[in-house]
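Novice:
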Amino acid sequence: MKNIAFLALGLLLAMPTLGADWKMDPVGSKLEFVAVFEKTPTPGVFKEFDARLRFDPDKPAGSSLDVTVKVTSADMSIPDVNKEIRNKDWFDYAGFPQAEFRSTDLRRDGVRYVARGTLSLKGLKQTVEVPFTWTDSGSGALMEGELTLKRGDFGIGLGDWKSTDVIGAEVKLKFRVKLRKG
Amino acid sequence: MLRNDADSWGAPSKLLHWVMAALIFAQIALGLAAVGWRLSPAKLDLFVWHKSIGMLILALLLMRLWWRLAGRVPALPSQMAPWERWGAQISHFLLYALMVALPLTGWVISSASNVPFRIFWAVALPAIMAPDKATADLFASVHGWLATLLAFALVAHVGGALRHHYIKHDAVLARMLPWRSR
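Residue numbers (this note's numbering), protein chains in the order written: chain E, 30 to 211; chain W, 261 to 442.
(1) For the beta strand (DSSP E) that E/GLN155 lies in, which residues bound it at each end?
(2) Helix or strand or just coil, what does DSSP make of E/ILE107?
(3) Please go through the same chain and pick out, in chain order, the residues whose beta-carbon is closer than 6 Å to the beta-carbon of E/THR71, but skip the five residues on each side of it.
(4) Taking the alpha-carbon positions, what's the E/LEU178 to W/ARG324 distance?
(5) By how many angstroms is the C-alpha of E/ARG205 removed from the C-alpha of E/VAL96?
(6) Look at the alpha carbon of E/ILE107 and the alpha carbon of W/VAL375, and state the distance between them as a whole number of angstroms.
(7) Quick check: E/ASP85 and E/SER92, are their CB atoms within less than 8 Å of each other?
(8) Checking 8 Å against the spacing of the C-beta atoms, do W/LEU306 and W/ALA294 come in under that value?
(9) Are the stretch 430-437 of chain W and the stretch 407-414 of chain W touching by the rule of at least three beta carbon pairs closer than 8 Å?
(10) Report all residues from its chain with a CB closer than 6 Å to the CB of E/PHE110; omit the five preceding and five following residues, and keep chain order.
(11) If you draw a straight line from the alpha carbon of E/GLU119 to that of E/LYS52, how long is it in whole angstroms?
(12) Of the residues W/ASP265, W/SER300, W/ALA282 and W/GLY291, which one's Cα is nearest the Cα of E/LEU187?
(13) Might you give, ordered along the chain, the residues of its own chain that have their beta carbon closer than 8 Å to the beta carbon of E/LEU176, omitting 5 neighbours on each side?
(14) For the 8 Å Cβ check, are there 3 or more pairs between the stretch 366-381 of chain W and the stretch 333-353 of chain W?
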């Protein structure tokens, strides 16, 4: 019994070097994107996504971040636009219902962190850097950040829509991920 | 001469009449083109032009109504029959009513459809209606019928003016022409 207790204690002490495993709490988490429509910022949201994180804020090296996004859950709250973005020229729901981000390394950068990795979206892979802040709240934590992507890098907006006069080239991605240890 | 008097229009009234006439004809063409165009960046731009000019017409109309109500309106020729006077009154009232109703119903469609819009790509137009697809569809058809009514009212207006000039040989058309002093 005593040995098992020691073993457990030893494992607990050893854990932080690997980083804790964190699971996303969908309630309180949000993944938004802001496109530019006729020079006007136009927000949208991916209603379904999931993030998994192995992370030690004090030793970010060796940490990892995996995110899957159900692209088909996109909602721009404009019926005509929602009908259009499912098509091949835009997200192509039928061909590519899911997007993924897999980090290859994670580092500290001042008061924030940066997860560098590969984003696969609409069948195209690009290396992106995801900066985030980390707020610990005892049993849970909050990860927040934003990054800017070029829609053309992922073939989003084909044909006439490649022109960036009407629908801007850049799309801002904003996330707020509520995590609990799991 | 700025002010209208008993038998002539002042410069502000003439300027507003002809500028708005040009804008209204352009507006009808833009509206038809925007609705008929296949979905493309060009279609979205046509809508921005149509909505922007609509708001410009509404602003000019408010100035025009203020100028008309603050000043006087030249009298109709004394030899006109009662039915002709009634026709003139009714058709002018109808034109003013449509110049108010068309921009306002357009504004409702724009708000209810939730499509982001900035007047001439610069000034955000506030919403006057919560986003609602059914409202947008209903007002789109009302807007279309009002535009059809406007087309008939314009035919009557132009036809009436030509009748005054070429058949009745009075000054009603001539006194609105910019290059005539009366």
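Just so you know, even glycine gets a beta-carbon here, dropped at the ideal spot from N, CA and C.
Specialist: Based on what the coordinates show:
(1) 153-166
(2) coil
(3) ALA64
(4) 48 Å
(5) 13 Å
(6) 6 Å
(7) yes
(8) yes
(9) no
(10) It should be pointed out that residue 110 of chain E corresponds to Val in this sequence rather than to Phe. Closer than 6 Å at Cβ, skipping near neighbours: no residue.
(11) Looking at the sequence itself, residue 119 of chain E is Trp, so the reference to Glu does not match. Rounded to the nearest angstrom, the two C-alpha atoms are 30 Å apart.
(12) W/SER300
(13) VAL157, GLU158, VAL159, PRO160, LYS201 and LEU202
(14) no
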